[in-house]
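In my numbering, the protein residues as written are 199 to 334. Here is the structure we will look at, set down as structure tokens.
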């Protein structure tokens, strides 16, 4: 097993530890749980860039690379890759720092998923609005 590293010189947008209630019938973390965490991480960065509310309009890519286990520290790194008139595209990379459940791999880091999501900036009436220019 190759031990990867968390991205250097970047802060995780979100970190979370999955619990037993988040498992599927096979005992691994349910894919829907991981997709939810990816959407949360993506929306955090999209809201910052949009300077206000956004809504998810598409998951244009999602790859599950390896399973996630109870006790892993799941770190999600989100990055804006494109800004349109009203839309924001975000890539999210997900890493698992192996934890308590599988002591034979404790201390290792693995990339477990990657995704691309599209968000649209919305106003108080839930209508599309322009994404403002990037503030400095």
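Where a beta carbon is used, it is the ideal one built from N, C-alpha and C, also for glycine.
Can you look up residue 236 in the DSSP assignment and give me helix, strand or coil? The sequence position of residue 236 within the chain shown is 38, counting from 1. Helix.
What residues match up with residue 262 in a beta bridge as DSSP calls it? Counted from its first residue, the chain shown places residue 262 at position 64. 311.
Quick one: measure Cβ to Cβ for residue 293 and residue 307, integer angstroms, because I've assumed they're closer than 8 Å. Position 95 of the chain shown, counted from the start, is the residue given in the question as residue 293. Position 109 of the chain shown, counted from the start, is the residue given in the question as residue 307. Correct: roughly 6 Å between the Cβ atoms.
Which of the three DSSP states is assigned to residue 289 in this structure? The residue given as residue 289 occupies position 91 in the chain shown. In the structure shown, residue 289 sits in a strand (DSSP, three-state: E or B).
With burial defined as no fewer than 16 other Cβ atoms inside 10 Å of the residue's Cβ, what is the status of residue 239: buried or exposed? Position 41 of the chain shown, counted from the start, is the residue given in the question as residue 239. Label assigned to residue 239: buried.
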